[in-house]
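See structure below.
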Amino acid sequence: MYEIIAFYTFSALVIGLFGIVVLSKNALYSMTALAGGMVFISGFFFILDAEFLGVVQIVVYTGAIMALYAFGMMFFDTTRDVKEDIRCKKIFYTLSILSAVLVLIVLSAPIFSANIEAIYPTLEGVGNVQTIGLLLFTKYLVAFELAAIMLLVAMIAGIVLVGKKLDAQSDDLEVAKELK
Amino acid sequence: MSAQLVLSLSVVLILALGVPVLFLLSSKLGPQESTKNSKNIPYESGITHCVGGCDNRFSVKFYLVAILFVLFDVEIVFMFPWAVRVRELGYFGLFEMFAFIALLVLGLIYIYRSGALKWQ
Amino acid sequence: MGDISYLLPLLFVGVGAVVLMLLSYTKSLSISSIAKIALGFLVLAFISNVYYFGELHKVYPYENVFFGMIVSDTYSVYFNSILLVGAIATILIGWDYFRPDRRFTGEFFSLLLFSTFGMMLLVQSAELLSAFIALEIASLSLYVMIGFQTDNIRRVEASYRYLVLGSLSGVLFLFGTALIYASTKTTFLGNIGVELLPQTGKDISLAIGGATLILITFLFKISAFPFQNWTIDVYDGSPLPVSAYMASTFKVAVFAFMLRFVAMDLGYIKDYWDGLLMGVIILTLAYGTFLALAQNNLKRMLASSSIVHTGYLLIAFVSIDIIGESASSSIIYYLIAYFLSAMGAFGLISYISSSDKLRLTYEDFKGFSHVRPYMSAMLSIFMLSLAGLPGTIGFIGKFYIFSGAIEAGYTVLATSAILATFISIYYYFKLIALMYFYPSPILSNVPPLKGLPPIFIGFIAIAVLWGGIGNTFIAFFPSIDFLIDVAKLSHRSLFLQ
């Protein structure tokens, strides 16, 4: 029952937030909605008892989005569209108190419903992260080490595709200085 | 339900209700200087002149930093499942993790030598 | 020697790639000395690989550590040799092409080695996940190698196009792996087939769907019909040695993996694909031929004709479950034949155009034989071999494939392939005719034959001829039959326990 409610709540939230990403004309709204949507997607993984994927979702996607978000904040002319005028203070207060109560419910929920179980658990009894740890370092060791090499190639790719142009510009500048 | 539980829950509830109220009060009680211009720009330090809209082009170096951040982020993600099983995996797992980190440290040395970390 | 000797080729290439990566910003090393270091590592890998060439074996090195994810058998040794020769050839062919003023730096060679490492690993992987990562290592390095000259907009466009489409097809591979895991609970080659066998008669649509998704990735990487649109622009946009490298080695590596996967596990599923693949083959042949006829640029013509060659190879791929060993050995043999001819043709064109930023069209070669007779002779040999005329290695390759297709009962496919071959003579011979039957030369500033690349290309040309006539004329000469025997041996090594 809880799982069903959670699933539909998360679905509605994710679809709504990603809708904002696409439809909003303001970059800040889009990015905030994207980060929020990414966090809620991790909720699906938690419902399926795949905590590891949920954490990865938060760490990688939300982390990465936040990095881009920071740059977006720095560069976009956000003053143009965002007007922070609080007209209805009552709504504002109500919302903040409601969210406080929501945090409380989330925190105390495990006490009242310790018997929540995944509908389709990946493995009975054992935690998902532990299982992955054991598998990743025994059976799938090669894939794990290869991932490091793939990351290395990605590093070179980033440096090569970005760095060269900057070098060229600085070289040109030096040449220009020498000519003077 | 035990009294302890009720107590702790009510403490959390009071905190949860109190913090936003304090936030809102702080704007009334604190120094009233928010009309100053520098407080109203989106990014209080750093770039002062934001120009252009979403379709603005900016240096690719920022993306490079973001990409490098994501790469090392992924590395940390792989440490997580190792950390929860570090006892069972023993020295074998430790060695494998070190090999993994060593490869990425070599990558870091490469990045350092390439000068991508230097901000021109 | 212990298990390590089976891993030495991979280790040499991998360590070489990392060393070159670290050396790439050393100011005192010139680009040619970095190329020499890369060559050194590749040659070391090749020597350690050739040690097991032609020896029937199948070993899972360090099975208690690697859990049988990496395999070394006659098959992988055979393909690793081709891949290593391809990487060595790329460096030798581009010896004059990779210059600092073209913005080639040490990282390029590091990426070349990384990509070779990925391909070798793809050939050696006995499991779908590590195969996926190997494929991604190889493709990721290739994307960057294509767009390495970031100041050239055409390179960047080709790289970007390949990156977007290639990653999309990579995702399909991963999704297919997940579906196969869902239905068989394993990702290890050999076990998948074992798990599928007792499910005969039941609903195995999950496994079929997964395998089909992997097939789509495969068809994309070898540029078969519905997924061929990227080929011409990407080949045309990349630096010539990189086009040569892509056309010859990458295709070989992907074919090697798919051949292993299908031969070991998907014999049962393959029946579902027959109609699909037949359509794909006929359309690939037709469309590739059409594209090749329409091109005026030489590089684009070679790129489109590589699509046609994919069609030929797929014919043997279809008949593999009927005639088994001889089909897969004919694929392996054809891959060598195409590898040599394409490498030679791309290499020679890159040598001719290495002096300036020329884009060579057919017209440029008018009367070329009067300026550079040896170069024209070599180019003609490669064109003859690509067209598949008797006396070259291309003929023997085509002969095995067509006779195999007829033997397996795919007469329609064989007929359309022969038809495509006839038409291909037009666009290959056009170049020969222009070179020899026009009096006045147009190209005048072609560099003369000197240095390393021409010697190497001449060596390839001799190999092409030797593969075509060596086995018929010289009785006691170690002939090309040797390669076919080893190809059959490699196929057998797949099924060793």
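Protein chains in written order, with this note's numbering: chain A, 59 to 238; chain B, 111 to 230; chain C, 71 to 567.
For glycine and all other residues, C-beta sits at the position ideal for the given N, C-alpha and C.
Give a yes or no on whether 7 Å exceeds the smallest Cβ distance from residue i to chain C.
| i | result |
| --- | --- |
| Leu181 of chain B | no |
| Lys148 of chain A | no |
| Leu233 of chain B | There is simply no residue 233 of chain B to check, as chain B begins at 111 and stops at 230 in what is shown. |
| Tyr173 of chain B | no |
| Tyr220 of chain B | yes |
| Ala158 of chain A | no |
| Ser224 of chain B | yes |
| Leu106 of chain A | no |
| Met208 of chain A | yes |
| Lys228 of chain B | no |
Considering only the alpha carbon of each residue, which of the options lies closest to residue i?
| i | options | result |
| --- | --- | --- |
| Met448 of chain C | C:Leu259, C:Ala412 and C:Thr186 | C:Ala412 |
| Phe249 of chain A | A:Ile214, A:Ile105, A:Ala158 and A:Lys83 | Lying before the first or after the last residue shown, residue 249 of chain A is absent from chain A, which here runs from 59 to 238. |
| Val241 of chain C | C:Thr287, C:Ala323 and C:Met91 | C:Thr287 |
| Gly358 of chain C | C:Tyr232, C:Leu489 and C:Ser275 | C:Leu489 |
| Tyr404 of chain C | C:Lys436, C:Ala326 and C:Leu233 | C:Ala326 |
| Phe172 of chain B | A:Tyr119, A:Ala125, A:Thr120 and A:Val118 | A:Ala125 |
| Leu218 of chain B | A:Ile217, A:Gln188 and A:Phe103 | A:Ile217 |
| Ser375 of chain C | C:His440, C:Leu329 and C:Met453 | C:Met453 |
| Ser486 of chain C | C:Ile495, C:Phe472, C:Tyr498 and C:Phe499 | C:Phe472 |
Have a look at the DSSP bridge pairing and note the partners of residue i.
| i | result |
| --- | --- |
| Ile406 of chain C | Ile406 of chain C pairs with nothing; no bridge assigned. |
| Asn367 of chain C | C:Thr431 |
| Glu197 of chain C | C:Phe258 |
Looking at chain B, is there any beta carbon in it that lies within less than 7 Å of the beta carbon of residue i?
| i | result |
| --- | --- |
| Met91 of chain C | yes |
| Tyr213 of chain C | no |
| Val85 of chain C | no |
| Leu231 of chain A | Low per-residue confidence applies at Leu231 of chain A: pLDDT is 46, beneath 50, and the placement is therefore not dependable, though the value from the model is reported in the following sentence. Chain B, which has no Cβ nearer than 7 Å to the Cβ of Leu231 of chain A, makes this no. |
| Val187 of chain A | yes |
| Val88 of chain C | yes |
| His132 of chain C | Before going further, note that residue 132 of chain C is Tyr rather than His in the sequence given. Tyr132 of chain C does not count as touching chain B. |
| Phe102 of chain A | no |
| Tyr421 of chain C | no |
| Gly191 of chain A | yes |
| Leu194 of chain A | yes |
| Tyr95 of chain C | yes |
| Ile217 of chain A | yes |
When DSSP labels each residue in this structure, what does residue i get in the three-state scheme?
| i | result |
| --- | --- |
| Phe116 of chain C | helix |
| Lys128 of chain C | strand |
| Ile140 of chain C | strand |
| Phe258 of chain C | strand |
| Arg195 of chain B | coil |
| Asn134 of chain C | helix |
| Ile163 of chain A | helix |
| Val170 of chain B | coil |
| Leu564 of chain C | coil |
| Ser318 of chain C | helix |
| Gly164 of chain C | coil |
| Ile73 of chain A | helix |
| Met215 of chain C | helix |
| Asn150 of chain C | helix |
| Leu125 of chain B | helix |
| Asp555 of chain C | helix |
| Lys228 of chain B | coil |
| Asn84 of chain A | coil |
Checking contacts by CB at 7 Å: is residue i closer than that to chain A?
| i | result |
| --- | --- |
| Met139 of chain C | yes |
| Ile203 of chain C | yes |
| Phe184 of chain C | yes |
| Phe288 of chain C | no |
| Phe136 of chain C | yes |
| Ile124 of chain B | no |
| Leu119 of chain B | yes |
| Trp192 of chain B | yes |
| Val170 of chain B | yes |
Return yes when at least one heavy atom of the ligand GTP lies under 6 Å from the C-beta of residue i, else no.
| i | result |
| --- | --- |
| Thr257 of chain C | Ligands displayed in this structure: none; no statement on the ligand GTP is therefore possible. |
* Residue ranges of each alpha helix (DSSP H) within the region 226-305 of chain C, 4 or longer -> With a minimum length of 4 residues, the continuous alpha helix (DSSP H) runs that stay inside the region 226-305 of chain C are 261-266 and 275-291.
* 4 or more residues per run - each alpha helix (DSSP H) lying fully within the region 456-506 of chain C -> Restricting attention to alpha helix (DSSP H) runs no shorter than 4 residues, the region 456-506 of chain C encloses them at 463-477 and 481-506, ordered along the chain.
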